[in-house]
Amino acid sequence: MRTRVFVTLKPSVFDPQGRTIVAALGSMGYGAVRDVRQGKYFELEVDAETPQAARSLATEVADRLLANPVIESYRVEVDADGTAADPGPRSARTD
Amino acid sequence: MRTRVFVTLKPSVFDPQGRTIVAALGSMGYGAVRDVRQGKYFELEVDAETPQAARSLATEVADRLLANPVIESYRVEVDADGTAADPGPRSARTD
Amino acid sequence: MRFAIIQFPGSNCDHDAYHAAKHVLGQQAQLVWHKESTLGGADVVVLPGGFSYGDYLRTGAIARFSPVMRRVREFADAGGPVIGICNGFQVLLEAGFLEGALLRNRRLKFLCRHVHVRVEQTDTPFSRAASPGQVLRLPIAHGEGSYHAAPETVAALEANRQVVFRYCGPEGAVTEAGNPNGSLAAIAGVCNRRRNVVGLMPHPERACESALGSEDGRVVLESVVTATAATGAA
Amino acid sequence: MIDQAAIDAHGLSAEEYRRLLEILGREPTVTELGVFSVMWSEHCSYKSSRLHLRRFPTDGPRVLQGPGENAGAVDIGDGLAAVFKIESHNHPSFIEPYQGAATGVGGIIRDIFTMGARPIALLDSLRFGALEDDQGRPDPDTVRLVDGVVAGIAGYGNSIGIPTVGGEVAFEPGYAGNPLVNVFCLGVAKADRLAKGVASGAGNPVYYVGARTGRDGIHGATMASAEFDDRSADNRPAVQVGDPFMEKLLLEACLEVMRTDALVGIQDMGAAGLTCSTCEMAGRGGTGIDIDVSRVPQREAGMTPYEIMLSESQERMLLVVRRGREAEVEQVFDKWDLHAVRIGEVTGDGLLRVRDRGRVVAEIPNRELADGAPVYDRPTRCPAYLDEAQRLDASALSPPADLTRTWLDLLAAPVIASKRWVYRQYDHMVRTNTVALPGLGAGVVRIKGTGRALAMSVDGNGRHAWLDPREGGRLAVAEAARNVACAGAEPIGATNCLNFGNPERPDIMWQFVQAVEGIAEGCRALGIPITGGNVSLYNETDGQAIYPTPVLGVVGLLEDAGQVLTRLFPAAGLDVVLLGDPGGALGGSEYLNRVHGLVRGRPAPVDFDRERALQQLVVDAARRGMLCSAHDCAEGGLAVALAECCVESGGVGARVDLPVSAGSSDGFDVVRNLFGESPSRIVASATRDRRAELLDRARALGVPAAVIGGTGGDRVTVSVAGDVVADVALEAAEHAWATGLARHFEPAAGQESAP
Ligand SMILES: Nc1ncnc2c1ncn2[C@@H]1O[C@H](COP(=O)(O)OP(=O)(O)O)[C@@H](O)[C@H]1O
Ligand SMILES: [Mg+2]
């Protein structure tokens with residue numbers, strides 16, 4: 000089953016990459032892009048009976064390995080089930 | 000307006016990070032994770048009148064800067080406009 | 000005394016640490032493969048620099064799950080001296096031996112050069128032989144060495160005197176110019192509360208011989224020799 | 000089923016296809032057609048160059064392995080061998096700068112450890128289009144390419160833990176659509192344990208180890224030999240992603256396997272992947288090889304035998320193991336979490352037999368496939384541009400009014416300015432052997448366990464080679480050897496990378512032949528054997544060829560690592576000594592290019608008797624502790640070389656006085672003194688008490704030598720016959736030189752402190 004994990008730097012953490020991108024875009028004439036935050040995106044192919052099982056597996060994996068809680072937060076999505084339960088930007092791809 | 004850009008390696012392109020993560024998960028007892036592909040995830044805050052405008056701006060930016068068209072594809076999502084119209088990953092610049 | 004140098008897949012400063020411990024300091028040293036289940040009676044454990052698991056995902060993120068890390072944990076819990084250099088520091092942070100995290104360098108580029116660091120604390124096994132405020136000229140070589148921690152964590156580290164090394168200028172003044180990677184509070188190295196586990200981004204093992212341009216790193220490794228000689232190994 | 004279209008698509012000429020039919024005695028299968036096309040591509044077969052490369056001197060008392068193996072090797076004493084080679088990754092780096100450069104590094108490293116050597120140093124020789132327009136504004140495309148290529152080299156070399164200790168970077172409009180990325184790697188092996196890429200002993204198992212095979216770079220080998228045009232966009236799927244972590248495991252595991260004697264032969268799968276490694280190993284062994292591609296670990300579903308044989312996926316090795324020793328070898332690879340897979344065996348029938356689940360899909364006589372490739376003696380014609388380009392009438396120009404400004408401007412020229420921004424991205428200290436940091440001259444690494452060190456330098460000058468290809472070849476040899484000698488090391492071996500345009504064009508072929516001749520002359524004259532190299536042809540975009548660019552990599556031996564010299568004046572109060580003639584030529588100089596926007600004239604020729612004597616003198620004087628520093632005069636001439644001896648020195652200036660050079664009527668005498676370029680010149684420093692001794696030795700060797708001034712103060716001052724002609728504060732010189740390149744990449748570069 001296909002699950003997706005989004006890992007983003009916590010808002011309190013300075014994101015030099017995002018900063019650099021905004022600056023670059025500014026000089027390219029894209030001043031309308033006010034802010035950019037860069038994160039990581041994982042597509043996991045997991046063996047699981049149910050979307051719920053897939054979600055909890057992906058969540059465990061994200062928690063233990065994919066994200067570093069000191070600086071990052073994560074969000075898990077599963078193709079088959081409803082929208083991502085947790086708050087934060089909703090992804091239109093899930094329905 | 001909040002837009003999101005997902006950048007992933009084209010399916011044919013080798014993803015050493017993903018491979019290494021799968022192997023690590025295997026030895027951690029998560030053999031149920033069959034495959035992992037790692038990509039980039041950007042949250043863009045853009046000034047735009049309409050979701051459509053935001054989308055086309057983000058798309059242009061993804062195409063010109065965020066994605067490397069030679070090896071990566073990208074997908075753009077906009078919060079406000081409900082479903083992401085475009086079907087799955089699209090190859091940068093080449094369509 | 001006996002140094003155990005942990006070899007993770009992708010470690011590439013393991014032999015440098017071995018050379019410094021064995022041939023420069025004249026101590027016993029052995030390389031310990033990450034799948035080992037014993038540290039072979041080591042008095043000191045070194046987590047060397049390099050790119051364990053290619054630095055994929057996050058530096059040190061995968062290495063922390065290596066079997067040998069359980070033994071390192073026991074060793075540290077028993078008060079044994081453990082030092083993590085560069086990638087080794089990153090592993091210690093990921094594994095929770097030390098507090099904080101390391102982010103991409105401020106300029107987003109890998110940076111290899113000599114820098115100056117000030118010894119802030121001399122009551123750790125890896126700074127004991129130094130004098131307080133002593134300035135060391137050491138090489139750095141990393142892309143992700145920008146130290147970060149929550150403000151309260153940094154405050155606690157300062158309060159508990161856990162910041163062991165700080166980037167500075169040639170005269171020891173802490174300045175923007177002296178901070179090569181944008182580390183918070185110019186932090187180059189920290190220790191745990193018990194003070195027996197130390198991690199730092201600069202490479203003391205690369206600065207143990209005049210032929211290599213600096214001998215300032217010797218004091219870091221010599222500290223542990225004297226320290227452990229004095230207290231008797233953990 | 001093999002129609003003309005298929006033959007054309009595989010880049011085989013009618014003549015070549017006829018030969019193929021002869022060899023097979025039948026029509027080829029598609030797989031066979033693919034196999035022939037990659038093996039007979041320029042890239043693998045050297046069909047246009049082979050004839051001429053025979054001119055190189057390839058033997059000498061120290062040579063342990065000449066051209067023909069994965070890399071060359073020379074004896075460095077103590078039973079050790081230095082194994083080194085240079086390789087190009089030009090086209091891939093243009094298509095995808097980061098991955099192209101990264102996989103280039105990965106490829107040359109595999110060549111070195113394939114020989115049983117532990118890689119200990121890398122050098123990179125880089126050429127890009129103009130970095131600045133005439134207003135000094137950066138060119139965004141060049142900036143992007145440089146940024147990606149440098150990051151790619153760093154990304155791979157740093158991760159695998161091999162220090163990049165030197166290199167060169169040049170910028171010329173001609174490289175805009177076709178940058179040159181040449182990477183040199185050096186390793187050390189036990190002289191009597193060199194591994195070979197040979198498959199011998201019928202019945203011995205053939206193992207595949209490393210990354211799984213994907214559809215990477217299929218036709219990559221042919222692509223790398225096919226002239227660029229707008230269709231090159233279609234080559235994009237040919238981009239391969241490097242995995243330095245996998246290669247680090249391979250490196251350690253292979254070296255561990257080689258410590259046993261269970262290994263018969265080993266070769267990496269580079270261009271033409273499995274095809275090239277199988278037929279070359281069997282070719283060398285005079286044997287056959289029989290493999291089943293269905294056993295090859297695959298990354299993607301449904302790969303055909305054709306794809307598996309032609310794939311150029313990175314980080315893969317082919318091994319032949321002694322029968323009965325399989326378990327031992329498999330164990331070592333398991334330890335490193337690599338799984339060696341047995342894909343076939345060595346046979347006695349001289350055939351490359353490829354099966355798919357048992358069914359034979361290709362069966363080719365190996366020898367003919369490996370060595371039977373056509374050898375072309377392509378027609379040559381002296382290029383039309385040459386006469387005009389070589390003509391230089393200085394009297395038509397006016398010399399600059401303010402020579403100090405010109406001096407600073409040259410110090411800030413990207414080709415001359417500090418490459419700190421580049422080499423600080425490279426881990427140049429890992430392995431704790433680097434006894435001369437990059438930026439100070441040749442790269443120098445000590446050999447632990449011996450008192451010795453190896454110095455190495457890669458050099459070339461496309462401008463010189465364009466104006467005079469033969470002299471360009473000679474000059475490249477002389478400069479690389481001189482750079483090594485300036486470190487105090489005796490040059491003992493060379494490798495070369497020949498970057499040229501389309502050899503089917505007689506004028507390009509002429510450049511190639513001339514340059515090869517020049518290199519051969521130079522190496523013969525200096526007694527430096529060529530132990531290997533790499534040829535990269537078809538370097539052109541839309542019919543626009545690059546400058547002909549021969550790049551030389553020279554390795555030198557220092558008996559005492561403690562005696563290494565750098566360019567820097569170490570203290571005040573020293574003599575500044577010029578070894579060689581004070582006058583230089585304007586032809587092909589950076590001055591002419593930067594100040595007058597001209598690439599014209601003839602570069603000053605090398606007198607190899609003089610050059611040999613000069614290098615002998617420095618090496619010998621260094622050994623006797625007579626010198627405190629030594630620096631070769633290259634781009635920018637004597638004045639720039641002098642300033643380079645002061646910058647980063649921690650504040651040691653210098654004041655020199657030059658003799659008037661023979662008056663020519665064009666008013667450029669002083670300019671020639673300061674910025675003229677010519678070979679066989681070194682700026683050195685020495686203590687006063689060794690002065691007489693040094694000058695005596697110079698006289699004895701017939702090398703002109705003069706004390707032209709002294710070190711000290713915080714200015715650099717040049718006078719001619721007593722009149723000050725250029726004078727600059729050390730800080731100003733340092734700033735111009737330190738920021739000239741970096742300012743285009745990081746705004747704050749100016750504030751960067753010296754190492
Ligand atoms: N791409 C590079 N990588 C590493 N070091 C480099 C690179 N380019 C130049 N350098 C270093 O900068 C110094 C100056 O280079 P160069 O101008 O080519 O010297 P030279 O004129 O003596 O050949 C040398 O020490 C060289 O090793
Ligand atoms: Mg040069």
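Protein chains in written order, with numbering that gives the first Met the number 0: chain X, 0 to 94; chain R, 0 to 94; chain L, 0 to 233; chain U, 0 to 754. Idealized CB from N, CA, C, for every residue including glycine.
Query raised in the report: Which residues in chain R sit within 7 Å of L/L46, going by Cβ to Cβ distance?
Result: Correct list: empty, because the minimum Cβ distance to chain R is about 18 Å.
Query raised in the report: the segment 91–105 of chain U: which residues have C-beta closer than 8 Å to a C-beta of chain R, in chain order?
Result: Hits within the stretch, in order: I94, E95, Q98.
Query - U/E31 versus U/F170: straight-line alpha-carbon distance, rounded - result: One C-alpha to the other measures close to 42 Å.
Query raised in the report: Under the rule that 16 or more other beta-carbon atoms within 10 Å means buried, what is U/H630, buried or exposed?
Result: When all chains shown are included, U/H630 counts as buried.
Query raised in the report: Whose C-alpha, out of U/A454, U/P172, U/I22, U/Y537, is nearest the C-alpha of U/P829?
Result: This structure cannot settle anything about residue 829 of chain U, because the visible part of chain U is limited to 0 through 754.
Query raised in the report: Looking only at its own chain, which residues have a Cβ that is under 6 Å from the Cβ of U/K84, when we skip the five neighbours before and after it?
Result: Here the set comprises A70, D110, T494, G531.
Query - U/R445 at chain L interface by Cβ criterion, 8 Å - result: Yes, U/R445 counts as interfacial toward chain L.
Query raised in the report: Got a sec: is the Cβ-Cβ distance from X/I20 to anything in chain L below 8 Å?
Result: By this cut-off, X/I20 is not an interface position.
Query raised in the report: With a cut-off of 8 Å, does the C-beta of X/V77 fall near any C-beta of chain R?
Result: Taking 8 Å as the threshold, the shortest C-beta distance from X/V77 to chain R does not fall below it.
Requested in this report: Give the residues of chain U in contact with L/R106, contact being defined as C-beta atoms less than 7 Å apart.
Outcome: Within chain U, the residues near L/R106 are E745.
Requested in this report: Would you check whether ligand 1 has a heavy atom nearer than 7 Å to the C-beta of U/E26?
Outcome: No, the beta carbon of U/E26 sits no closer than 7 Å to any heavy atom of ligand 1.
Query raised in the report: Can you list, in chain order, the residues of its chain whose CB lies under 7 Å from that of R/F5, leaving out five sequence neighbours each side?
Result: So the qualifying residues of the chain are G38, Y40, Y73, R74.
Query - Closer than 8 Å to chain L by CB, X/L64 - result: Yes, contact with chain L.
Query raised in the report: Buried or exposed: U/M222, going by 16 or more other Cβ atoms within 10 Å of its Cβ?
Result: Its pLDDT being 43, under 50, U/M222 is placed unreliably by the model, and nothing is read from it.
Query raised in the report: Can we count X/V32 as close to ligand 3, meaning its CB is less than 7 Å from some heavy atom?
Result: This structure does not include ligand 3; its bound ligands are ligand 1 and ligand 2.
**Report entry** Inter-residue Cα distance where the pair is U/L756 and L/C190
**Finding:** Because chain U here runs from 0 to 754, residue 756 of chain U falls outside it and cannot be looked at.
Requested in this report: Quick one: give me the first and last residue of the alpha helix (DSSP H) that L/C12 is part of.
Outcome: Boundaries for L/C12: no alpha helix (DSSP H) harbours it, and the DSSP string shows neither H nor E there.
Report task. Evaluate the contact criterion for the segment 66–83 of chain L versus the segment 194–211 of chain L: three or more CB pairs, one atom per stretch, below 8 Å. Result -> Here the segment 66–83 of chain L lies against the segment 194–211 of chain L, with 3 or more beta-carbon pairs under 8 Å apart.
Requested in this report: Taking C-beta pairs closer than 7 Å, name the residues in chain U that L/R205 reaches, listed in chain order.
Outcome: Near L/R205 (Cβ distances below 7 Å), the residues of chain U are M428, T431.
**Report entry** U/D535 to U/S87 span [Cα, whole Å]
**Finding:** The sequence shown places Ser at residue 535 of chain U, rather than the Asp named in the question. Computed Cα separation, rounded: 7 Å.
Query raised in the report: Does DSSP put U/A153 in a helix, a strand or coil?
Result: Correct three-state label for U/A153: helix.
Query raised in the report: Sorry if obvious, but does the Cβ on U/Y422 come closer than 7 Å to a heavy atom of ligand 1?
Result: Result yes, Cβ under 7 Å from ligand 1.
**Report entry** L/C111: first and last residue of the uninterrupted beta strand (DSSP E) it sits in
**Finding:** First-last of the beta strand (DSSP E) with L/C111: 110–118.
Query raised in the report: Does the segment 655–671 of chain U come within contact of the segment 714–721 of chain U, defined as at least 3 CB pairs closer than 8 Å?
Result: Yes: the two stretches touch, three or more of their Cβ pairs being nearer than 8 Å.
Query raised in the report: Would you say X/K9 reaches chain R, if we count a Cβ-Cβ gap shorter than 8 Å as a contact?
Result: For X/K9, no CB of chain R lies under 8 Å from its own CB, so it is not counted at the interface with that chain.
Report task. Quick one: list the residues of chain U neighbouring R/V60, beta-carbon separation under 7 Å, in chain order. Result -> Taking the beta carbon of R/V60 as reference, no residue of chain U falls within 7 Å; the closest one sits roughly 16 Å away.
Requested in this report: Using 10 angstroms around the beta-carbon of R/A110, count the other beta-carbons present and answer buried if the total reaches 16, otherwise exposed.
Outcome: In this structure chain R extends from 0 to 94, so residue 110 of chain R is not present and cannot be described.
Report task. Indicate, with yes or no, if ligand 1 has a heavy atom lying under 7 Å from the CB of U/E634. Result -> Yes.
Query raised in the report: Using the C-alpha atoms, what's the distance from U/M257 back to U/L337?
Result: U/L337 and U/M257 have their C-alpha atoms spaced approximately 16 Å apart.
**Report entry** Reduced DSSP category for U/E676 - H, G, I as helix; E, B as strand; rest coil
**Finding:** Correct three-state label for U/E676: strand.
Query raised in the report: Under the criterion of a Cβ to heavy atom distance below 7 Å, does U/N482 qualify as lining ligand 1?
Result: In this structure, U/N482 has its CB closer than 7 Å to one or more heavy atoms of ligand 1.
Query raised in the report: Fully enclosed by the segment 359–410 of chain U, which alpha helix (DSSP H) runs are 4 residues long or longer?
Result: Fully contained in the segment 359–410 of chain U are the following alpha helix (DSSP H) runs of length 4 or more, in chain order: 365–370, 384–389, 402–410.
Requested in this report: State the start and end residues of the unbroken beta strand (DSSP E) segment that holds U/I288.
Outcome: From DSSP, the beta strand (DSSP E) with U/I288 extends over 287–291.
Query raised in the report: Grouping DSSP H, G and I as helix and E and B as strand, with all else coil, what is U/Y763?
Result: No information on residue 763 of chain U is available, as it lies outside the stretch 0 to 754 that chain U covers here.
Query raised in the report: Cβ of L/G177 within 8 Å of Cβ of L/V134?
Result: Using a Cβ distance threshold of 8 Å, L/G177 and L/V134 do not count as a contacting pair.
Requested in this report: Following the continuous alpha helix (DSSP H) through R/V60, name the residue where it begins and the one where it ends.
Outcome: Looking at the DSSP string, the run of the alpha helix (DSSP H) that includes R/V60 is 50–60.
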